[in-house]
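Here's the structure we're looking at; comments come further down.
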Amino acid sequence: MVKLPALARVGLVVLLVLVLVIAVIWVLQRRLIYFPDRSAPPPAAQVIPGGRDVTLPTADGLRLSAWLIPPPSGSPDRRAAVLVAPGNAGNRLARAPLAEALANEGLTVLLVDYRGYGGNPGSPSEQGLAYDVRAARTYLIEHAGIPDQRLLYYGESLGAAVATALATEHPPAGLVLRSPFTDLPSVGQEHYPLLPVRLLARDRFPVMDLLPRVRVPTVVVYGTADSIVPPAQSRAVADHAPVLARVVAVDGADHNDMALLSGEQLVSAVVDLADRVA
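Following our numbering, the residues of the sequence shown are numbered contiguously, the last one being 511.
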């Protein structure tokens, strides 16, 4: 039996550990991407007056719960709707302040929860989230009576990638990207610089590759102190938008600050785009 030199044995152990770590990351990586609050929120009307619980059937057989928030009486008559594609954490309850603020400005809002979020069945993935927002758009078109010409997509962080992909298939009247990244591996590499993130990534969400096919007015909103998505990536997305309507840099705002969840600058950016496309 040939005995390996000590240095070779150490190298072999290091290699085996590295292979094991990479294998674990490959299998469990979606737990590092998606952080769902799986609990079902209360009925919509208990959270936002006039809110309605609706069901979104997906093409792969799931039935997802969502909230439809109509404008209250006395609000401006904008007759437009916003499909909200959320980020990778929480559930629709956390987006209620945004929905209520937009509804008070005369916009109908559909708050989506992806598969695996907010009491919904299934597990999130890039392909799964694409099914989910297609189902949301279908609901707005076929059941809420909102034509594409009066429909905005609003994507938050990871949801910006989901909304961009949907816009390449079904162009809306306008697109709002809040804290968008260039692609998911680029963000992962920022947070895990020692790992071969690009090599391992199963879900890629390639915003920059998709943007050239999005020919609708696009607004980019980001925080200048974002510690999750580097502000430089959001600015790069804005620079590559074929029909850039506006860039809103919220000074000093981090990724999950209220200013980027339902702040005045954010709400105004959505409303202004709705008025422009109307």
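Quick reminder that beta carbons are idealized off the backbone N, C-alpha and C, glycines included.
Within 9 Å, strictly: CB atoms of residue i and residue j
| i | j | result |
| --- | --- | --- |
| asparagine 337 | aspartate 346 | no |
| leucine 343 | tyrosine 372 | yes |
| arginine 448 | glutamate 402 | no |
| valine 504 | arginine 264 | no |
| valine 280 | leucine 301 | no |
| aspartate 416 | proline 439 | yes |
| threonine 291 | tyrosine 364 | yes |
| glycine 370 | leucine 432 | Correcting the residue identity first, residue 370 is arginine in this sequence and not glycine. Cβ atoms of arginine 370 and leucine 432: not closer than 9 Å. |
| glycine 388 | threonine 397 | yes |
| alanine 471 | valine 462 | no |
| proline 405 | aspartate 381 | yes |
| valine 221 | alanine 313 | Residue 221 is absent from the model: the chain starts at 234 and stops at 511. |
| serine 460 | glycine 320 | no |
| alanine 394 | phenylalanine 414 | yes |
Residue i, DSSP secondary structure in three states
| i | result |
| --- | --- |
| glutamate 375 | helix |
| proline 429 | coil |
| aspartate 286 | strand |
| proline 418 | helix |
| glycine 392 | helix |
| arginine 411 | strand |
Cβ separation of residue i and residue j, assumed to be a contact under 8 Å, to the nearest whole Å
| i | j | result |
| --- | --- | --- |
| leucine 493 | alanine 482 | Not really, about 11 Å apart at Cβ, beyond 8 Å. |
| valine 409 | valine 452 | 5 Å |
| proline 357 | glycine 349 | 5 Å |
| leucine 326 | serine 495 | That belief does not hold up - the Cβ atoms of leucine 326 and serine 495 are roughly 13 Å apart, past 8 Å. |
| glycine 392 | alanine 469 | Going by Cβ atoms, the distance from glycine 392 to alanine 469 rounds to 18 Å, so no, they are not a contact pair. |
| proline 305 | glycine 283 | 6 Å |
Residue range of the beta strand (DSSP E) that includes residue i
| i | result |
| --- | --- |
| leucine 385 | 384-389 |
| alanine 226 | This structure does not reach residue 226, given that the chain is present from 234 up to 511, and the question cannot be answered. |
| valine 476 | It is not in any beta strand (DSSP E) - valine 476 carries neither H nor E in the DSSP assignment. |
Continuous alpha helix (DSSP H) stretch holding residue i: start and end
| i | result |
| --- | --- |
| alanine 471 | 464-473 |
| arginine 448 | No alpha helix (DSSP H) contains arginine 448, which DSSP labels as neither H nor E. |
| arginine 509 | 497-510 |
| leucine 265 | Where leucine 265 is concerned, there is no enclosing alpha helix (DSSP H), given that its DSSP letter is neither H nor E. |
| alanine 492 | 491-494 |
| aspartate 436 | Segment: none, aspartate 436 is in no alpha helix (DSSP H) and carries neither H nor E. |
Inset, instruction - Go through the stretch 290-367 residue by residue and report every complete run of the alpha helix (DSSP H) that reaches 4 residues or more, in order. - result: As for any alpha helix (DSSP H) of minimum length 4 sitting wholly inside the stretch 290-367, the runs are 329-337, ordered along the chain.
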